[in-house]
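Residue numbers (full-length UniProt numbering): 1 to 85.
Here it is in structure tokens:
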């Protein structure tokens, strides 16, 4: 079984290092409360909500494949669906 909380903690830590951000700066950029971001980093069993995963992806779209564990070489096989409103 995948330990989502631990993986997410590692991924946001790596993004913070690469982007040279403090936890406070990261929190502000992704629009997730500081305490929640702190929990993700320190309490590795704290699983992110899908909404918060989307917030991180929207703030850092260049890391989407990394965050979602996607193989970018397989993206050309994806079918793009458009929602009807």
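Just so it is clear, CB atoms sit at the ideal spot from N, CA and C, and this is done for glycine as well.
Taking its Cβ as the centre, do 16 or more other Cβ atoms sit within 10 Å of residue 11, making it buried, or is it exposed? buried
**Request:** Alpha carbon to alpha carbon, how far is residue 9 from residue 16? Give it in angstroms, no decimals.
**Result:** 11 angstroms
Shortest alpha-carbon distance to residue 14 belongs to which of 75, 60 and 80? 60
Distance between residue 70 and residue 23 (C-alpha atoms, nearest Å):
25 angstroms
Problem set entry | Pairwise C-alpha distance: residue 2 and residue 32 | 23 angstroms
Take residue 29 and list the residues in its own chain whose beta-carbon comes closer than 6 angstroms to its own, dropping the five residues that flank it on each side. 59
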